[in-house]
Amino acid sequence: MCSKVYAVGVGMTEFVKPNSLRDYPEFGKEAVEKALTDAGVTYDVIEQAVCGYVYGNSACGQRVLYQVGMTGVPVHNVNNHGATGGTALHFAHRLVQAGAHVVLALGFEKMTAGALPATAYPDRTYPADIHIKKMLEIVKLEKAPIAAQCFGNAAKEHMEKYGTTEAQFAKIAVKNHRNGSANPYALNRNVYTLEEILNSKRVFGPLTKLQCCANCDGAAAVVLMSEQAVARHNLASKAVEIVGIALATDTNAVFTDTTRLRIAGYDMTALAADQVYKTTGVSPREVDVVELHDCFSSNELITYEALRLCEEGKGGAFVDAGLNTYGGQVVVNPSGGLLAKGNPIGATGLAQCAELVWQLRGEAGARQVSNARIGLQHNLGLGGAVVVAIYRKGFDNKNQRDFPSSHQKFKMAAKDGKIRAKI
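Residues are numbered in our numbering as their position in the sequence shown, beginning at 1, plus a constant of 416.
Printed below as a string of structure tokens:
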């Protein structure tokens, strides 16, 4: 049986516009020191570290961590595009399950302004070239950023198949920017009306500028511990269990079917979600709070369905019914998500982790989700990779909620049927 794994310390920097005077070593150091302080431990207890970043040379993780301590521990550097932060977390989680007691996961990025370039290395094959080629078998290439075309074309397909409207996508941006206004770490803390979202500069398809995440600089970190280490360091009050975590990649269906939704990662998200629901016994209807990879508003709506938060094709109705926010079925992106908080790619997945830990501890301030007990994380990268994780509040039986019995699951399934009937 795998050991339990707990997040006991989290930290992140404010996410800021690219070309700030700060470099990645400074961002990374700040996030690590905040996570260690939150856990109440020093760097010398760290047994291994996993560092995620996309834009940088090799051994950037060592360059950051040597500022905090040089103890000779293994430092693993990982890159999995948009899912890099989640991949670092997944790796660190596995290290604890394999026998390590204290592992650090860190993500950081220093980016350029504007849309991401098609590739940072024009002299070699672009990793997602086969995805782009498949998309171009279905639609024509247009003058817009490639990522926006991938997710914008997925939005167009959803609209064609299910009648989803531009306003439904835009409502997600309204929600996330409103939530981000209460997040001191967010890049953009402005609140926008639906009209302002819809009337901002058109980028591609139904997507306007305020429905697209922005590049930024920043870092986030988490200290993971085994059950024994939590007890040894007397950190039960801080501990949030990462009950299950799955890393999935694309299946062959991406290239054999003519669907733009699969190119945007729908299938691999569903695969990872189904894995964690099965291994943890948690139902989608038990989830109280979600940090979801809303690189574009369309991806949030589509991902509701891939995560089984609502039925396929019902994402638009889910939005209109307010089931995706405070007072609804589940609160999605209380942090403001990538749309408001920004997307320093390597740090994004670990910033999601930090938000869920704060939410489950009851430390999220003005954006706190009432009675949050179970959280879900979704971190996506085209080309492709996705990490889905389930978090649960508490360390011992007095603090944590038990998973439902078969009778309780039956009752929830019945309730689920009613919810689906409404939307």
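Cβ atoms here follow ideal geometry from the backbone N, Cα and C, with glycine treated the same way.
Taking 8 Å as the threshold, find out whether the stretch 545-559 comes into contact with the stretch 669-687 through three or more Cβ pairs. yes
How would you call P490, buried or exposed, if buried means at least 16 neighbouring beta carbons within 10 angstroms? exposed
Is the stretch 745-754 touching the stretch 586-599, taking contact as three or more C-beta pairs under 8 Å? yes
Runs of alpha helix (DSSP H) wholly within the stretch 439-521 (minimum 4 residues, chain order): 440-455, 476-481, 500-513
Return the CA-CA distance between S714 and T500, expressed in angstroms with no decimal places. 21 Å
Mapping DSSP to helix, strand and coil, what is R817? At R817, the pLDDT of 44 sits below 50, so the modelled position is not reliable; the number obtained from the coordinates is stated separately. Residue state, collapsed to three classes: coil.
L640 in three-state terms, based on DSSP: strand
Determine contact between the stretch 598-611 and the stretch 755-769, defined as no fewer than three beta-carbon pairs at a distance below 8 Å. yes
Excluding the 5 residues flanking E716 on each side, which residues of the same chain have their C-beta closer than 6 Å to its C-beta? I588, L708, D710
Any idea if L600 is buried or exposed, counting beta-carbon neighbours within 10 angstroms, 16 or more meaning buried? This sequence places Pro at residue 600; Leu is not what is there. Burial call: exposed.
Buried or exposed, going by whether 16 or more other CB atoms sit within 10 Å of the CB of T541? exposed
Comparing alpha-carbon positions, which option in F811, N795, R808 lies nearest N496? N795
From the DSSP output, which residues share a beta bridge with N795? V803
For the 8 Å Cβ check, are there 3 or more pairs between the stretch 470-481 and the stretch 769-787? no
For my contact list, T487 and V494 are in at a C-beta cut-off of 8 Å; report their separation, rounded to the angstrom. With 8 Å as the limit, T487 and V494 do not qualify as a contact, their Cβ atoms being about 20 Å apart.
Suppose you measure from the CA of G568 to the CA of F734; what does that come to, to the nearest Å? 19 Å
On the three-state DSSP scale, how would you describe V706? strand
If we ignore side chains and look at the alpha-carbon of each, how far apart do R686 and V457 end up? Correcting the residue type first, residue 686 is Ala in the shown sequence and not Arg. Taking the straight line from one Cα to the other gives about 37 Å.
Please list the terminal residues of the continuous beta strand (DSSP E) segment that includes A423. 421-428
In three-state terms, what does DSSP make of K809? strand
Cα-Cα separation between E702 and C629, rounded to whole angstroms: 28 Å
What residues match up with C628 in a beta bridge as DSSP calls it? F712
How should C418 be labelled, buried or exposed, when 16 other C-beta atoms within 10 angstroms of its C-beta is the threshold for buried? exposed
Might you give, ordered along the chain, the residues of its own chain that have their beta carbon closer than 6 Å to the beta carbon of L645, omitting 5 neighbours on each side? For clarity, residue 645 is Ala in the given sequence; the question names Leu instead. The answer, listed in chain order, is H517, V518.
Beta-carbon proximity check, A805 vs M428, cutoff 8 Å: no
Neighbour-count burial assignment, P622, 16 or more Cβ in a 10 Å radius: buried
Could you pull out every residue in the same chain whose Cβ sits closer than 6 Å to the Cβ of D666, ignoring the five residues on either side in sequence? M684, G800
Rounded separation between A689 and A722 - CA only: 8 Å
Return the CA-CA distance between A514 and I562, expressed in angstroms with no decimal places. 39 Å
What do you get for L725, buried or exposed, if any count of 16 or more other CB atoms within 10 angstroms of its CB means buried? buried
When E582, L610, T580 are compared against H593, the one with the closest alpha-carbon: L610
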